Each structure stands twice: as C-alpha cells, then as structure tokens.
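Protein chains in written order, with our numbering: chain A, 1 to 225; chain B, 1001 to 1225.
We put the CB at the ideal spot given by N, CA and C, even for glycine.
Quick caveat, the model's predicted, so the values are computed rather than measured.
See structure below.
Number of protein chains: 2
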Amino acid sequence: MKLLIVEDEKILCDSIVSYLKQENYTCDSANGYASALEKTEQYDYDCILLDINLQDGNGMNLLRELKSNNKTDGVLIISARNSLEDKVAGLQLGADDYLPKPFHLSELGARVSAIIRRRNSAGNNIIRLAELSIDTQARSVEVAGRLLELTRKEYQLLLYFAYNKGRVVSKNAIAEHLWGDEMGDAANYDFIYTHIKNLRRKLIEAGCGDTIQSVYGMGYKFSIS
Amino acid sequence: MKLLIVEDEKILCDSIVSYLKQENYTCDSANGYASALEKTEQYDYDCILLDINLQDGNGMNLLRELKSNNKTDGVLIISARNSLEDKVAGLQLGADDYLPKPFHLSELGARVSAIIRRRNSAGNNIIRLAELSIDTQARSVEVAGRLLELTRKEYQLLLYFAYNKGRVVSKNAIAEHLWGDEMGDAANYDFIYTHIKNLRRKLIEAGCGDTIQSVYGMGYKFSIS
DNA sequence: CTTCCACAATGAGAAGCTTCATTGATGTTG
DNA sequence: CAACATCAATGAAGCTTCTCATTGTGGAAG
C-alpha cells in the first residue's frame, strides 16, 4: 500500500509519515504543489493525504488537477478546522474523506484504511501466495491444500506478513499492529521473537521453506515463491 | 453515552441501533423530523446520527434547528453517496462528520467514538468510582489507595464495566468489546464466565464488595457505592 | 411444588502467551 | 582482526487465557 503525504509543515509531515510507516504503508511525501504533482505523475498511490492549506495556496489546484486527470488515487483531505470552505470544495471536487486538524494519528490511520478498503471493496477474502492460502473469513490457513493450525497470535502475525509480502516490516510495526494499545507503556516487545520462532517452525514443518527472513536492525521480510 | 439515530429506513435503523447497543451506547431512534425534534428537546445526546435524506425532506431542517438552538450534541451525518450538496451543506451547518452510504457498522462505530472523544477532549484519564480508581494512562487500578493487580483481560473487563456503570451489559457486548474480530466465527464466549469469576474474586478480596451483579438472561450490571 | 431447561458459576487442567537468562549472529570501532 | 555493542534466536519456566466437565441457580410450565 503506497501513500503520498502532501503537507508543508515539516514536523507534522514527518510524524504522519513515521506513524503510517509503522502501520505498514509505504510513504512518499511532498511539501508543496510542484513536488506533489511530480510524484503523482510518476506513481499511482492507494491514497493521497492532502493538506488543503498549503503555503503556496495550491492545495486545491492539486486536487483539481488530480481529479481532472482521471487519477484513481483515493484522496483524504487534511484541513484546519476553520477552513470550512476549502474542505467543502474539496469534497465537491471528489475527495473521499476529510479529517479536521487536530487529529490523533490513530484516527488518521483508520480513515486511510477505510478509504482503501472502500476502494477495494471487490473484497476477496482468500489470500493466495504460492502454496499458501489464507481464508480471512474462516480464519484458516492451508499449505498445499493441507490445513495448518495456528494460534491466534501466529495467525495475526502471518496475516500481517502476507499483507506486507516482500516488504521489510519492523518489530515495532508488527507489535503496534498485533497489540495496538493493549500493552502498558513499558513497550518491550521482545516476545515477538518467540512468536516469529513458532510461526517459522510451523511454516517449515508444513513445507513452506524459509519464508520469514530477518533483516538485521530493520525487522523481517516475508517472501514466498 | 446516549445516542439518537434518525433514520427512516426501518431495517437500516434497526441494524444500526442493535450494533451500537452492542457497542455499549444507549440508543434512541426516530424515523422522521417530528419525532427527532421531540427527542432532542427532551434529552441531551452525546451524538446524533442523522440521515440527511429523510423521506419527509426535513433532515436538513432538523440540523439547522439543532444548531440554531445552541444544542451541544455532536452530529454525524449519514448520507447517500450521490447527495453531495446536502452533505456539504450539512458540514457548513456545523455537523461534526459525515459518513457516506454504504458503510460498515464498525466504521460507523469508529466515527461515533471519534466524535465523542473529540468533544470530551478535556480528557480526564482517571476514573473514580467510590473507593475504586482506574488510571487509564498507567493502566493501574487502586482500591482505597491500595494497588490492585489485574491481568490484561481483567483490566479490560473492569474498564468496560466502569464505562457502563449501572447499566446492564450483555455477554455478547462484552465479548465484542474485549475481543473484537480477533476470534473465529465460532463465537462461543463462555470463557467470559471465568474472567467474571476472577475479577469478582479480586474485587471482593480488595474490599469492594459485591459489585458485579448477574442479571439472568440479560448479562451483568456493575454498580459500586 | 416439582420438574425441567436454559443460564451461570466453578475448579481443574490444557493451551497459549510472555518473561527470562543464555547463546549466537551481525555489524562497528579502534 | 579483536573487542565490543547491538540485535536476534532459543529453550525453559511462569503466568494468563481458554476449554471442559460438572455443579448450581432462576424462571417457566405443568
């Protein structure tokens, strides 16, 4: 999942990017009209987070540009609470949602995932990766047609890896995704090592081979052929 | 937390109400302008869910009425995707958020709780109920100044009870709140009995007395003096 | 009042999750 | 290339959560 964050307040931009990276998205950022336009011409994004009140005043133009070019990217407008007209105009131009400042990062994440979900509502609930198939309705996993029994955490972990196939995910990203805010503040997620170990063992026993690679200092990468 | 659902499609209205009740809200519903107006004059709501496209065409009038009367209720507009103008006008009239149809009930729930959170952002994180006090930051619980050690599930359960003090909550509502969609579909939540038992024991040992009452066929009610 | 049934409570034990101490691996510094 | 620091893997142990079988309880029906 690839996102573009268009926001000229650098501090805010960085904190959004770092949060969304944790949440497993791939993020590009742009600090104004010109660089944003360039990015959108170069890549397709699953969702663009657009601060409508850019310094250069061109946030709205960017949105107009995007929509008139038949871009399929989703758009989430971020707007200061007092700029009602811009917000409204943005929706009329075809943005998918808006989020008033100030907001919690977790809320931002929820909106982004809602936009993406709504756009992919062709909703397939079986994920197939080579001989591995995950039925997200039945919460069951099969390897080459044979049922693989996983505990809840193992299942969640595998699902997260599946969504992020081929991408390196950090230990923290995994932890935030599997435990959310259930844990106290003493966030020591070393027990992930144990879950990784167990999942690896089961996958290897099932004949998947070495699918979870460690990336020293970075996290883990799941890949399967 | 008290909500008003204004929606004239009976089936949709019922499913929203039943979902939100599960989510621990107290819900009133109204199927048109007149009954909604009456309700809002009678009660204060934490959030009003308003379908702007009512049969009688008065959804917008209702919103205007509310806002001009200095009502402090939050408003979430529910609108069909194609009625852009109404949606936009609604926001201009001071609604807090909108949600396009069709939507997932879980998303509706998220928006409602976001509105309520934003409005209560005076955010107090210590809940005091008689000699019991719950620090939601530190995730710690004290009874008459003495620390009470609870496991994660016990803590979550107590917190849920605390939010719903004096109200009967069903076993299913508890389950949905503590486990969300983590569980498979085979939703047999009998193990809640065990958690109830353990929490009861700890509360009694700590000197809180008999705070969790069973309500036969309904669920449980938490009360503390 | 007795019988019956569904709901609730309980204890014991299994399964799962987290902690801990130890060992091993990887990259960095001098 | 040693020595070191950091990160990762592992097995075992302890705690938490869940399951299961059994018992108890409240309400409805006869």
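*Can you give the Cα-Cα distance for B:Y1098 and A:V6, rounded to whole angstroms?*
For the purposes of this step, residue 1098 of chain B is identified with residue 98 of the second sequence, where counting begins at 1. For the purposes of this step, residue 6 of chain A is identified with residue 6 of the first sequence, where counting begins at 1. Spanning the two alpha carbons is a distance of roughly 23 Å.
*For B:G1219, which three-state DSSP category applies?*
The residue labelled residue 1219 of chain B in the question sits at position 219 within the second sequence. The DSSP-derived three-state label of B:G1219 is strand.
_Please report the distance separating the alpha-carbon of A:P100 from that of B:L1004._
If you number the first sequence from 1, residue 100 of chain A lands on position 100. If you number the second sequence from 1, residue 1004 of chain B lands on position 4. One C-alpha to the other measures close to 23 Å.
*In whole angstroms, what is the alpha-carbon distance linking A:A122 and A:I116?*
To locate residue 122 of chain A, count along the first sequence from 1; it is residue 122. To locate residue 116 of chain A, count along the first sequence from 1; it is residue 116. The predicted model places A:A122 with a pLDDT of 45, which falls under 50 and marks its position as unreliable, so this point remains unresolved.
*Under 7 Å from the C-beta of A:V88: neighbouring residues of chain B*: Within the first sequence, numbered from 1, the residue matching residue 88 of chain A stands at position 88. Result: V1088, L1091, Q1092.
*Determine the closest residue to B:N1172 out of B:S1068, B:E1205, B:G1217, with distance taken between C-alpha atoms.*
Stepping through the second sequence from its first residue, residue 1172 of chain B is reached at position 172. Looking at the Cα atoms, B:G1217 is the closest of the given residues.
*asked:* Here's a check: name, in chain order, each residue in its chain whose Cβ is nearer than 6 Å to the Cβ of B:L1178, leaving out the five neighbours to either side.
replied: On the second sequence, residue 1178 of chain B is found 178 positions in, with the first residue counted as 1. The beta carbon of B:L1178 is closer than 6 Å to those of Q1156 in its chain, skipping five residues each way along the sequence.
_Through-space distance from A:L76 to A:A110, alpha-carbon basis_ = Working through the first sequence from its first residue, we reach residue 110 of chain A at position 110. Working through the first sequence from its first residue, we reach residue 76 of chain A at position 76. The alpha-carbon separation between A:A110 and A:L76 amounts to approximately 11 Å.
_Is B:E1107 close to chain A? Criterion is C-beta to C-beta, closer than 7 Å._
Numbered from 1 along the second sequence, position 107 holds the residue referred to as residue 1107 of chain B. Closer than 7 Å to some Cβ of chain A, the Cβ of B:E1107 qualifies, so yes.
*Where B:R1046 falls, given that 16 or more other Cβ within 10 Å makes a residue buried*: Taking the first residue of the second sequence as position 1, residue 1046 of chain B is located at position 46. The question names Arg, but residue 1046 of chain B is Asp in the sequence shown. By the neighbour-count rule (16 or more Cβ atoms within 10 Å), B:D1046 is buried.
*Thinking just about the alpha-carbon of each residue, which of B:K1165, B:L1150, B:Y1163, B:F1222 is nearest to the one in B:E1205?*
Start at 1 with the first residue of the second sequence, and residue 1205 of chain B comes out as number 205. Answer by Cα proximity: B:L1150.
*List the residues of chain B that A:E142 touches, going by C-beta distances under 9 Å, in chain order.*
Taking the first residue of the first sequence as position 1, residue 142 of chain A is located at position 142. Here the premise fails: no neighbours, minimum Cβ distance about 15 Å.
_Distance between beta carbons of A:Y220 and A:V143, contact taken as under 8 Å_ = Indexing the first sequence from 1 puts residue 143 of chain A at position 143. Indexing the first sequence from 1 puts residue 220 of chain A at position 220. Actually they are not in contact, since the Cβ atoms of A:V143 and A:Y220 sit about 19 Å apart, beyond 8 Å.
*C-alpha gap between A:T26 and A:Q213, whole angstroms*: Sequence index remark: in the first sequence, residue 26 of chain A carries index 26 (1-based). Sequence index remark: in the first sequence, residue 213 of chain A carries index 213 (1-based). In a straight line, the C-alpha of A:T26 is about 19 Å away from that of A:Q213.
*Let me know the secondary structure DSSP gives A:S18 once reduced to three states.*
Reading the first sequence from its first residue, position 18 is the one you call residue 18 of chain A. Correct three-state label for A:S18: helix.
_For B:Y1043, the nearest candidate out of B:I1052, B:T1072, B:L1063 (CA to CA)_ = Position 43 of the second sequence, counting from 1, holds the residue named residue 1043 of chain B. For B:Y1043, the closest alpha carbon among the candidates B:I1052, B:T1072, B:L1063 is that of B:T1072.
_Closer than 8 Å at the beta carbon, the chain B residues around A:E176_ = Reading the first sequence from its first residue, position 176 is the one you call residue 176 of chain A. What A:E176 touches in chain B: nothing, since even the nearest Cβ is about 15 Å away.
_Does A:D56 pass the burial test, meaning 16 or more other C-beta atoms within 10 Å, or should it be called exposed?_
Sequence index remark: in the first sequence, residue 56 of chain A carries index 56 (1-based). By the neighbour-count criterion, in which 16 or more other beta carbons inside 10 Å mark a residue as buried, A:D56 falls on the exposed side.
*Classify A:T194 as buried or exposed, calling it buried when 16 or more other Cβ atoms lie within 10 Å of its own Cβ.*
Locating residue 194 of chain A in the first sequence gives position 194, counting from the first residue. Burial is judged here by how many other beta carbons sit within 10 angstroms of a residue's own beta carbon; A:T194 has fewer than 16 and is exposed.
*Give the DSSP-derived three-state secondary structure of A:C208 in the structure shown.*
By one-based count along the first sequence, residue 208 of chain A stands at place 208. Shown here, A:C208 sits in coil according to DSSP, grouped into three states, outside any helix or strand.
*Using a cut-off of 7 Å between C-beta atoms, extract the partners of B:R1152 located in chain A.*
Counting from one through the second sequence, the residue named residue 1152 of chain B turns up at place 152. Simply E182.
*For B:I1011, collect the residues of the same chain with a Cβ closer than 6 Å to its Cβ; drop the 5 residues on either side in sequence, then sort them by chain order.*
Taking the second sequence and counting its residues from 1, one reaches residue 1011 of chain B at position 11. Cβ neighbours of B:I1011 beyond the five flanking positions: none.
*Quick one: give me the first and last residue of the alpha helix (DSSP H) that B:E1154 is part of.*
In the second sequence, the residue the question calls residue 1154 of chain B occupies position 154. Boundaries of the alpha helix (DSSP H) around B:E1154: 1152-1163.
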